[in-house]
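Numbering (my numbering), first residue to last: 25 to 250.
The structure appears right after this line, and notes come after that.
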DNA sequence: GCGACAG
DNA sequence: ATCTTGTCGC
């Protein structure tokens, strides 16, 4: 990866993590600030069922054909507990390692989790986007927060996710009559652009092909090792 | 005080 | 996240 990675210590207390989120949240860019998107990366993490081992996978696909171009994985040990709203401090260390091993610098990264739809407007997608200064989108399977409003049943239907009279993301139905996904800005993309990409990437299933590909790879690596 | 709570 | 078979519905 070409970009200069501005990382920080991950050996933090809960209080320090909260403090860091407040500081880094200032750096999130919520407007479209990206060039032509030729390739898109999907990231996902899997946990070993008995140990505290975690595996992260990054899969880069061609934005037009959706074919896999490159992929990378990294193994790590969970050093931070699972605390809703501090999720990134648990998963990002492994994800970053996997990204560092990539030859290609993704034009866009789709994360498995929230972006701005977060208590301090700094979910995992924002965190990754700011550290790498790369456009990112948060696409979660379930909701963390925000007032939910049921979207129409057709593919492409969406409703805004609201918190404190503020639009923090939106629900997006990626296939007819299936449960919607939760899309929010990660970094350097507008909400409209984020939704458009998630819909375009969700050609046949509920989740975008990027996260499906990363999920498959991560599960494969997990079972091969045991 | 009682829920809710990304993966 | 992970543990897990069949089953209801489009």
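Beta carbons: idealized from backbone N, C-alpha and C, even for Gly.
The structure displayed is predicted, hence computed values, not measured ones.
**Request:** Take the Cβ of residue 76 as the centre, count every other Cβ of all protein chains shown within 10 Å, and call the residue buried at 16 or more, exposed below.
**Result:** By the 10 Å Cβ count, residue 76 comes out exposed.
**Asked** DSSP state of residue 232, grouped into three classes?
**Response** Coil at residue 232, not helix or strand.
**Item:** Selected residue, minimal CA-CA separation from residue 214, among 80, 115 and 162
**Value:** In this structure, 162 is the residue among 80, 115 and 162 with its C-alpha nearest to the C-alpha of residue 214.
**Request:** Use the C-beta contact count for residue 86: other C-beta atoms within 10 angstroms, 16 or more gives buried, fewer gives exposed.
**Result:** Per the 10 Å Cβ criterion, exposed.
**Request:** Measure from the alpha carbon of residue 150 to the alpha carbon of each residue in 165, 101 and 207, then state which is nearest.
**Result:** Of 165, 101 and 207, the residue nearest in Cα terms is 207.
**Prompt:** Under a three-way DSSP split, which group does residue 198 fall into?
**Reply:** Coil.
**Message:** Between 57, 93, 64 and 30, which has its C-alpha nearest residue 221's C-alpha?
**Reply:** Scanning 57, 93, 64 and 30 for the CA closest to the CA of residue 221 turns up 64.
**Request:** Check whether the Cβ of residue 248 lies closer than 7 angstroms to any heavy atom of the ligand GDP, and answer yes or no.
**Result:** Looking at this structure, you won't find the ligand GDP or any other ligand, since it has none at all.
**Asked** Does the count of Cβ pairs from the segment 195-212 and the segment 35-53 closer than 8 angstroms reach three?
**Response** Between the segment 195-212 and the segment 35-53 there are three or more C-beta pairs closer than 8 angstroms, enough to call the two in contact.
**Message:** For the segment 96-104 against the segment 33-41, do three or more pairs of beta-carbon atoms, one drawn from each stretch, fall closer than 8 angstroms, so that the two count as touching?
**Reply:** Output reads yes: the segment 33-41 touches the segment 96-104.
**Message:** Less than 7 angstroms between C-beta atoms, sequence neighbours within five positions excluded: which residues of the same chain meet that for residue 243?
**Reply:** Excluding positions up to five away in sequence, the list reads 70.
**Request:** Kindly indicate which residue of 169, 153, 201 and 90 has the alpha-carbon position closest to the one of residue 186.
**Result:** It is 169.
**Request:** Could you name each continuous beta strand (DSSP E) segment of 3 residues or more that falls completely within the segment 120-182, going from the start of the chain to the end?
**Result:** You should have 132-135 and 160-164.
**Message:** Measuring only the C-alpha atoms, how far is residue 117 from residue 184?
**Reply:** One C-alpha to the other measures close to 31 angstroms.
**As assigned by DSSP and simplified to three states, the class of residue 103** = Coil at residue 103, not helix or strand.
**Prompt:** What do you get for residue 239, buried or exposed, if any count of 16 or more other CB atoms within 10 angstroms of its CB means buried?
**Reply:** In the assembly as shown, residue 239 is a buried residue. Its beta-carbon has 16 or more other beta-carbons within 10 Å.
**Request:** Look up residue 224 in the DSSP assignment and say whether it is helix, strand or coil.
**Result:** Residue state, collapsed to three classes: helix.
**Message:** Between which two residues does the alpha helix (DSSP H) holding residue 41 run?
**Reply:** Annotation for residue 41: the continuous alpha helix (DSSP H) segment containing it runs 38-48.
**Asked** Are there three or more Cβ pairs, one per stretch, closer than 8 angstroms when the segment 224-237 is compared with the segment 89-98?
**Response** Counting C-beta pairs closer than 8 angstroms gives three or more between the segment 224-237 and the segment 89-98, which meets the contact rule.
**Asked** At which residues does the beta strand (DSSP E) containing residue 211 begin and terminate?
**Response** Run containing residue 211: 205-211, per the beta strand (DSSP E) assignment.
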